[in-house]
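With the first letter of the sequence shown counted as 1, position 370 gets the number 376 in the numbering used here; the numbers rise by one all the way through.
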Amino acid sequence: MSTATSVADLLDRADAERAAGRGDDAARLYDEAIDRCRAAGDLGPWTRAVLGAASVLVFGVEPGRLAAQLHDVLARTTDDADRARLGAALARSWAYCGHARRGAPFAAEALERAERCDDPAVLADALDATLACHWGPDDLALRTRLGARLDDVAAHVLEPAVRLQAHLWGLQVACDALDVQAIHRHLHALDRLGEESARARFYALTRRLMYDLLRGRTDTVADLLAAAGEAEAEADLPDGWMVIAAMRGYSALIVGDPGTCAESAAAAEAFAVAEGVIEVAAEAAWLWTGAGRPDRATGVLQTFRGGVLDRLPKDVNWLLTVQCVLETALSTGSEDVVEEAARLLTPYAGRAVFNAGAVMFHGLTDDTLARAAAVLGEHDRAERLRAQALRTYIRLGATWWHDRLRDWAPVGRAAVRLHPTPGGVWLVGAGPGHPLRSLRGLVYLRRLLAQPGTPIAALDLVTDGHATVLQPPAGEALDRRALAAYRHRLAEIDADLEEAEAWADLGRTEALRAERDALLRELSSSTGLSGRVRAGGSTQERARVAATKAISTAIDRLTTVDPVLGAHLEASVHTGSECCYLPSPGEQPTWDLGLVSGGDDP
Numbered sequence: 007m008s009t010a011t012s013v014a015d016l017l018d019r020a021d022a023e024r025a026a027g028r029g030d031d032a033a034r035l036y037d038e039a040i041d042r043c044r045a046a047g048d049l050g051p052w053t054r055a056v057l058g059a060a061s062v063l064v065f066g067v068e069p070g071r072l073a074a075q076l077h078d079v080l081a082r083t084t085d086d087a088d089r090a091r092l093g094a095a096l097a098r099s100w101a102y103c104g105h106a107r108r109g110a111p112f113a114a115e116a117l118e119r120a121e122r123c124d125d126p127a128v129l130a131d132a133l134d135a136t137l138a139c140h141w142g143p144d145d146l147a148l149r150t151r152l153g154a155r156l157d158d159v160a161a162h163v164l165e166p167a168v169r170l171q172a173h174l175w176g177l178q179v180a181c182d183a184l185d186v187q188a189i190h191r192h193l194h195a196l197d198r199l200g201e202e203s204a205r206a207r208f209y210a211l212t213r214r215l216m217y218d219l220l221r222g223r224t225d226t227v228a229d230l231l232a233a234a235g236e237a238e239a240e241a242d243l244p245d246g247w248m249v250i251a252a253m254r255g256y257s258a259l260i261v262g263d264p265g266t267c268a269e270s271a272a273a274a275e276a277f278a279v280a281e282g283v284i285e286v287a288a289e290a291a292w293l294w295t296g297a298g299r300p301d302r303a304t305g306v307l308q309t310f311r312g313g314v315l316d317r318l319p320k321d322v323n324w325l326l327t328v329q330c331v332l333e334t335a336l337s338t339g340s341e342d343v344v345e346e347a348a349r350l351l352t353p354y355a356g357r358a359v360f361n362a363g364a365v366m367f368h369g370l371t372d373d374t375l376a377r378a379a380a381v382l383g384e385h386d387r388a389e390r391l392r393a394q395a396l397r398t399y400i401r402l403g404a405t406w407w408h409d410r411l412r413d414w415a416p417v418g419r420a421a422v423r424l425h426p427t428p429g430g431v432w433l434v435g436a437g438p439g440h441p442l443r444s445l446r447g448l449v450y451l452r453r454l455l456a457q458p459g460t461p462i463a464a465l466d467l468v469t470d471g472h473a474t475v476l477q478p479p480a481g482e483a484l485d486r487r488a489l490a491a492y493r494h495r496l497a498e499i500d501a502d503l504e505e506a507e508a509w510a511d512l513g514r515t516e517a518l519r520a521e522r523d524a525l526l527r528e529l530s531s532s533t534g535l536s537g538r539v540r541a542g543g544s545t546q547e548r549a550r551v552a553a554t555k556a557i558s559t560a561i562d563r564l565t566t567v568d569p570v571l572g573a574h575l576e577a578s579v580h581t582g583s584e585c586c587y588l589p590s591p592g593e594q595p596t597w598d599l600g601l602v603s604g605g606d607d608p
């Protein structure tokens with residue numbers, strides 16, 4: 007058997023192993039073919055061998071000697087098409103392991119050489135490599151232009167793999183820009199391509215899962231993960247297992263499955279340590295928080311201290327890494343890391359964060375920056391960023407992310423005060439607290455916060471547990487005829503208001519509004535759920551009204567000095583015949599209620 011035949015057989019076997027999804031076996035065969043071709047100086051099969059080896063490189067892993075092997079062949083090649091393909095592969099090998107700056111010159115040459123060829127597939131390959139080398143947070147405008155050009159070039163290429171790559175980049179750019187319609191377009195295109203190959207089907211399923219999770223839809227998780235696993239087994243995807251493992255962990259975090267979160271976090275941490283992949287370490291830290299293991303999360307977080315964040319190259323997964331580190335620091339109360347990560351992320355306020363390739367949505371920078379500002383005492387900035395993030399989440403339909411931010415309150419930092427002082431003034435909020443004049447509702451809140459999850463009768467709050475005479479209901483506060491008259495008059499007022507405002511009659515408008523507000527207050531106090539007439543006069547009913555009004559007033563008042571705390575209490579305190587403080591899991595601050603050393607109740 008001749009040397010040429012032996013190399014051809016090796017390459018055919020390597021291609022078959024790759025097609026079967028056995029990337030490690032394929033890599034060994036390609037390496038053997040590379041060594042034989044180098045010894046023989048046979049450039050044709052040598053080029054095929056190094057390009058094959060590049061095709062099974064695992065994303066995020068150092069290329070090892072592959073970069074040198076590609077460069078070795080590139081230096082001997084003069085054909086424009088081959089140099090374009092080799093340069094593109096070399097650029098990707100560096101970009102995928104976080105060295106985009108090193109790969110950029112090779113991508114630039116690949117694009118220049120591809121321009122000379124009359125081959126759209128070669129040009130698409132060079133554009134893909136150029137995009138990979140400009141994946142950082144500062145390259146969005148360039149990435150948008152390159153993505154549009156790749157979309158144009160690939161539109162006339164029959165090869166499904168080229169169109170697949172174009173739509174994946176199109177989806178990435180649409181996600182970066184939060185262009186919902188473009189996201190839908192590219193997801194639909196991926197679904198169609200999935201009918202042509204297992205590879206495309208894998209990408210279609212995993213990106214569909216990403217988007218479902220973004221929108222808070224969890225009922226599709228099991229089916230999509232199972233189908234993606236089947237597609238990955240059929241396709242030649244060297245890093246498909248990593249994507250599925252990550253998606254399983256992310257899904258568990260959102261559905262609240264701490265066991266699976268722990269398994270995924272441990273696997274991610276082990277991979278990060280073995281391969282030195284820093285973004286995976288950041289993801290592992292975040293997953294440990296979802297597993298309810300702040301100790302493990304804090305341990306991983308240690309690797310980002312000592313200026314590590316400042317030295318990260320701003321490419322590929324820079325936003326993802328800093329976002330995950332900030333999420334972890336916020337969850338574990340690591341204020342020094344919160345401050346450092348927030349400083350780095352601040353120039354990128356208003357951005358969406360996605361794992362490379364749109365594998366997973368990691369929220370908005372406005373979200374984490376708002377929570378960081380709250381922890382650091384920058385309450386005005388925190389409220390502004392929080393409002394922006396909530397509006398964007400509503401526009402995207404990102405319900406899980408919206409609700410999490412809406413209900414969030416700082417944890418793991420200095421205790422949040424809510425107690426009176428000896429002088430009668432209350433202190434509320436984080437750190438030294440804000441002074442607030444005494445309110446009866448603060449007394450009720452303090453008692454509820456001391457017993458989270460425990461319902462307390464409104465009557466017990468109002469009487470402070472002292473005995474009282476219970477009076478039965480004295481009949482309906484309004485009879486039904488009077489109630490109908492009130493509602494009829496409200497309709498008349500609304501019509502008159504519309505006319506007065508149209509005529510710019512300010513005096514009449516003010517009088518009508520005052521009458522309307524008075525009627526609405528009366529109706530509100532006299533009707534219950536669904537507008538039913540409420541029985542009035544009972545001791546329990548008067549206590550319910552008094553407790554609800556006092557607590558609402560107190561929350562409104564403290565919101566003016568600590569908006570984040572106010573939002574937390576608004577979402578977590580429930581009033582009625584029974585009142586209860588019921589915070590979301592993991593969102594309860596450490597309270598300083600002054601119950602041991604603080605002042606007495608006013």
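We put the CB at the ideal spot given by N, CA and C, even for glycine. Here the structure is a predicted model, which is why all the values come from computation and not from measurement.
Check each candidate in the options and name the one with the smallest Cα separation from residue i.
i: H173; options: E576, V163, L196; result: L196
i: L448; options: L350, L467, A436; result: L467
i: C156; options: A94, D145, G176, H140; result: In the sequence on display, residue 156 carries Leu and not Cys. Ranking A94, D145, G176, H140 by Cα distance to L156 puts G176 first.
i: D413; options: L571, D78, D316; result: L571
i: A380; options: A347, A436, G403, Y399; result: A436
i: A135; options: A101, A520, A395; result: A101
i: G124; options: A239, R223, D86; result: A quick correction: the sequence has Asp, not Gly, at residue 124. Considering only alpha carbons, the answer is D86.
i: P441; options: P458, R423, L318; result: R423
i: A421; options: H408, A94, G439, W406; result: G439
i: T61; options: G255, A97, E516, R410; result: The question names Thr, but residue 61 is Ser in the sequence shown. Nearest of G255, A97, E516, R410 to S61, Cα basis: A97.
i: E584; options: L525, L503, P569, P461; result: P461
i: T334; options: A355, I499, L525, H368; result: H368
i: G356; options: D373, A237, R24, E121; result: D373
i: D18; options: L35, G29, D30; result: L35
Between which two residues does the alpha helix (DSSP H) containing residue i stretch?
i: L424; result: Per DSSP, L424 belongs to no alpha helix (DSSP H); it is in the beta strand (DSSP E), 422-426.
i: F277; result: 264-281
i: H385; result: 385-402
i: A137; result: The amino acid at residue 137 is misidentified as Ala; the sequence shows Leu. Its alpha helix (DSSP H) spans residues 126-138.
i: F112; result: 106-122
i: P461; result: First-last for P461: undefined, no H or E at that position.
i: D88; result: 86-101
i: T334; result: 324-338
i: E236; result: 227-240
Start and end of the beta strand (DSSP E) containing residue i?
i: V434; result: 432-435
i: Y587; result: 584-587
i: V359; result: 358-360
i: P4; result: There is no way to answer for residue 4, as the model of the chain reaches only from 7 to 608.
i: L370; result: 367-370
Could you check the C-alpha separation between residue i and residue j for me, to the nearest Å?
i: V291; j: Y450; result: Here residue 291 is Ala; the residue named in the question, Val, does not match the sequence. Each residue's alpha carbon lies about 38 Å from the other.
i: D321; j: F310; result: 17 Å
i: A473; j: T545; result: Only weak support is given to the placement of A473: the predicted model assigns it a pLDDT of 47, under 50, and the question is left unresolved by the model.
i: V13; j: L243; result: 24 Å
i: L170; j: G383; result: 47 Å
i: R453; j: S340; result: 29 Å
i: S590; j: S578; result: 7 Å
i: Y587; j: E576; result: 10 Å
i: T2; j: R89; result: Since the first and last residues shown for the chain are 7 and 608, residue 2 lies out of range.
i: D185; j: D245; result: 27 Å
i: F65; j: R563; result: 52 Å
i: A364; j: E281; result: 22 Å
i: A560; j: H194; result: 50 Å
i: A463; j: L599; result: 20 Å
i: V567; j: Y492; result: 38 Å
i: A74; j: P143; result: 28 Å
i: A206; j: E23; result: 19 Å
Answer yes or no: do residue i and residue j have a C-beta to C-beta separation smaller than 8 Å?
i: M253; j: M366; result: yes
i: L496; j: A506; result: no
i: A241; j: F208; result: yes
i: A553; j: T581; result: yes
i: A297; j: A271; result: yes
i: A388; j: T338; result: no
i: A274; j: L293; result: yes
i: R401; j: L336; result: no
i: L315; j: V328; result: yes
i: A332; j: A347; result: It is Leu, not Ala, that sits at residue 332 in the sequence shown. Closer than 8 Å, so yes.
Would you please verify whether the beta carbon of residue i is less than 8 Å from any beta carbon of chain B?
i: R44; result: Absence of chain B from the displayed structure is noted, only one protein chain being present.
Inset, instruction - Can you check the stretch 146-218 for any alpha helix (DSSP H) of at least 4 residues that lies completely inside it and give the ranges in chain order? - result: Fully enclosed alpha helix (DSSP H) runs of no fewer than 4 residues occupy 146-160, 166-183, 186-199 of the stretch 146-218, in order along the chain.
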